[in-house]
Structures are given as C-alpha cells and as structure tokens.
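Worksheet for the structure shown next.
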Amino acid sequence: MIRSMTAYGSARVESEDGALNVEFRTVNNRYLDIALHLPEELRFVESTIRESLGTAITRGKVDVRANFAKARPARSTTLDIGYLRSLAEQLLAARSIIPDLRPPRLTEVLTAPDASNGTTLDPDIWIPMCQQACTRALADLLAAREREGQRLTDMMLGCASDIARIVDQIEGDLPTIQSDYQAKIGARLKEALGAANPDGFASISGSELSARISQESVLFALRIDVAEELARLRSHLCELTLVLHGDVAATTRSRQGAAGGSGGGARKGSAGKRLDFLFQEMNREANTLGSKAGALSVTHGAIDLKLLIEQLREQAQNLE
1 MIRSMTAYGS ARVESEDGAL NVEFRTVNNR YLDIALHLPE ELRFVESTIR ESLGTAITRG
61 KVDVRANFAK ARPARSTTLD IGYLRSLAEQ LLAARSIIPD LRPPRLTEVL TAPDASNGTT
121 LDPDIWIPMC QQACTRALAD LLAAREREGQ RLTDMMLGCA SDIARIVDQI EGDLPTIQSD
181 YQAKIGARLK EALGAANPDG FASISGSELS ARISQESVLF ALRIDVAEEL ARLRSHLCEL
241 TLVLHGDVAA TTRSRQGAAG GSGGGARKGS AGKRLDFLFQ EMNREANTLG SKAGALSVTH
301 GAIDLKLLIE QLREQAQNLE
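Numbered per this note's numbering, the sequence shown spans residues 1 to 320.
Set out below in structure tokens:
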C-alpha cells in the first residue's frame, strides 16, 4: 500500500486515574525523524512512543505531542484521624521554629490536597495507557496516510498515462518523419544537380539517384533511431505501475521462485526511494530522446515528457 508522508492522527485514552492525549503529525522527510514534545512528568513514555512509531513508519518527520490530566479524587467529609495526628505533629514541629504560627481552620483541613494526588505519575499505570493511545493514534495516522497516498497514486497514474500516450505518438510519427526526410533529401539533390548543371539529370541515372537518397535516409534513420529509448520508457512505466499498485513484493517473490532462490522473502524498501530512482532513469531517456529529435514534434514530445516526469518526481517526494 502506497502511503503519503503527510497526515495527522490523534487519540485520547481515559481511565479512573486520568486521561492521556497523543497527537502525531507527519510531513515528508528523507529519513525517519521523530520530534517529541512531552511534559516532564511523561518522559518515561518516550521509549514506548518511539518503539510504536518505529514499527509502523519508515520515512517522514514525525511531530509527537502528548498531555495528561490526573483524575481528582472524590473529597470525603469524614476526617482521617491518622491524617489529623500527622498534621498536628507537623504543626508542633513548625511552632518550635515559628511560635506564633496559627493552626489551620477546619475548612482548610477538609480542602487540603491529598498527598497521593501529587504530580508524580505511576509508570505501571500510564505506560499501558500510552501504548493504547499510541495504537489508536497510529491507526488514525496510517489511515490518513493511506487515503492521501491513494490520491497521490491516482494523480501519478494519470501522469503515467499521459507519458504512455506521448511515447505512442512519437513512435507513430517516426515512419512519417522518415518519409518526409527522404522526400526532402530527394528534392534537395535534384535542386543541387539542376543548379550545378542544367543537363545534370542526363549524366546520372535514376538508380544512382535513388541509391544516394536511400543512403542519406538510412544515415538519418540511424541518427534519429529512438526505439531503444521508447522501449525503456515503456519498461519504466510498467515498473511505475507495479510500485504504485504495491505489486513489487509479489513480483520479486515470483522472480525469486522462478530462479530457484530461497532468499527468504521479497526485498522490502521505500516506495518513495524506488520511484525517485525510477524517475531519474526516465528523465535520462527523455533527454536522449530530445537530443536525437529529427522533427519538431519529437522535440515537443521530449519536453512534455520531462515536464510530466518532474511532476511525478514532486509527488513522489511525499510518498513513504
């Protein structure tokens, strides 16, 4: 499945101990780059988040944000005798230094924060919550990346269809280009002979003239022969379709099986990197096609090919 590197995913997990929010934002990047923005109290979940991302994402800059809220314990109107005794001991200790320290009021005792409600988080409670939140956020993120990847795939397949149409058009124009050149060479030779000697046609036979025209035409055909470039472009388009449809792994397995190999499965790799290399090769063929152009239509076709390949390259930069 082709995925885009630009997406967003989030999740919220709640329990009796509190709530945890996790957000993932990803943009295109050559390698996997994870940037964590966590509260100090949640630093112990950093490895958990990195491990979750590393198993699901291979490329892209990932911006991670997390925040939490601890649940407030229900207040009890019943006074804790043990707590009161501890408070009294602390008051006596404080009065040994500050003699005129007043005792706390009853309302202050009832509304005093419980020591168990501090800011320290229990890893045994919050790490499982973080794992659950990461799983949900990743599912949301990957779904968004796949939807965007499908849209990019459709756009790239459209460009591939335009490239195939241009290749077919150039191949179909080659016989006409050859014929037009042959007629042009014949006219130029006749014009040159007529200018050099009005009776020049009497001193040269039709077979000799035809042979000379044929020789020039063959040399021209060799110079503008782009059959190899067109065949390579078609091969690259087939490979492009396989990559975009996610069939590269299956193709690799079938080739390994046909060769009798036991390579232990298909070679995995980034579709974006594969496509980037593929477009370099396609651009090279388009450049050669332009340098061999024997007609203006071929030159225009080569320019259109380079524009379409550049569009493909720009879209591939967003693919994982």
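Where is the CB? At the ideal position from N, CA and C, for every residue including glycine.
Model, not experiment: these values are computed from the prediction.
Of the residues the options, the one placed nearest residue i, counting alpha carbons only
i: Glu239; options: Val226, Phe277, Glu51, Ala227; result: Phe277
i: Arg85; options: Ala69, Val109, Ile97, Leu101; result: Val109
i: Ala295; options: Gln169, Tyr83, Glu281; result: Gln169
i: Leu138; options: Ala7, Ser291, Met282, His300; result: Ala7
i: Glu23; options: Val62, Asn29, Asp162; result: Val62
i: Ala71; options: Ser47, Arg95, Glu14, Thr26; result: Glu14
i: Ile2; options: Glu310, Gly246, Gln280, Gly290; result: Gly246
i: Ser47; options: Ile98, Ala69, Tyr83, Pro128; result: Pro128
i: Ala144; options: Leu275, Asn283, Ile57; result: Ile57
i: Ile166; options: Leu319, Asp304, Gly18; result: Asp304
i: Gln132; options: Ser291, Leu53, Ile309, Thr26; result: Leu53
i: Glu40; options: Arg151, Thr176, Thr120; result: Thr120
i: Met282; options: His300, Lys306, Lys273; result: Lys306
i: His236; options: Arg25, Ile177, Ile163; result: Ile163
i: Pro175; options: Arg136, Phe68, Ser161, Val226; result: Val226
i: Ala19; options: Phe68, Thr26, Pro99, Glu146; result: Phe68
Rounded Cβ spacing between residue i and residue j (contact assumed at less than 8 Å)
i: Ile34; j: Cys130; result: About 15 Å separates the two Cβ atoms, so there is no contact after all.
i: Ser297; j: Asp173; result: 5 Å
i: Leu233; j: Glu171; result: Not really, about 10 Å apart at Cβ, beyond 8 Å.
i: Leu289; j: Ala302; result: 5 Å
i: Gln311; j: Cys134; result: In fact, because the Cβ distance is near 36 Å, the residues do not count as touching under 8 Å.
i: Leu242; j: Met156; result: Going by Cβ atoms, the distance from Leu242 to Met156 rounds to 13 Å, so no, they are not a contact pair.
Buried versus exposed, by CB contacts within 10 Å (16 or more), residue i
i: Leu101; result: exposed
i: Arg105; result: exposed
i: Gln315; result: buried
i: Glu229; result: buried
i: Gly260; result: Note that Gly260 scores a pLDDT of 43, beneath 50, so its modelled location is shaky; the value from the coordinates is reported in the next line. Exposed.
i: Ala11; result: buried
i: Ile125; result: exposed
i: Met5; result: buried
i: Thr251; result: With a pLDDT of only 42 at Thr251, under 50, the local geometry of the prediction cannot be trusted, and no value is derived from it.
i: Leu275; result: buried
i: Glu16; result: exposed
i: Ala329; result: This structure cannot speak to residue 329, because the chain is shown only from 1 to 320.
i: Thr153; result: buried
i: Ile309; result: buried
i: Leu142; result: buried
i: Gly82; result: exposed
i: Glu320; result: buried
i: Thr55; result: exposed
i: Ser262; result: Because Ser262 sits at a pLDDT of 38, beneath the cut-off of 50, its placement in the model cannot be relied upon, and the following sentence gives the value as read from the coordinates. Its Cβ having fewer than 16 others within 10 Å, Ser262 is exposed.
i: Gly264; result: Confidence at Gly264 is low in this model, with a pLDDT of 40, below 50, so the placement of that residue should be treated as unreliable; the coordinate-derived value is given next. Classification for Gly264: exposed.
i: Ile97; result: exposed
i: Arg59; result: buried
Min CB distance residue i to chain D below 8 Å
i: Met156; result: Absent here is chain D; the protein component of the structure consists of one chain.
> For the stretch 123–156, which segments carrying the beta strand (DSSP E) assignment without a break, of at least 3 residues, lie completely within its bounds, in sequence order?
Replying inline: DSSP runs (the beta strand (DSSP E)) wholly in the stretch 123–156: none.
> Counting pairs of beta carbons, one from the stretch 22–42 and one from the stretch 88–96, are three or more of them closer than 8 Å?
Replying inline: In this structure the stretch 22–42 does not lie against the stretch 88–96, because fewer than three pairs of beta carbons, one per stretch, are closer than 8 Å.
> At which residue ranges does the stretch 28–88 contain complete beta strand (DSSP E) runs of 3 or more residues, listed in the order of the chain?
Replying inline: Counting whole runs of 3 or more residues, the stretch 28–88 contains the beta strand (DSSP E) stretches 32–37, 60–70.
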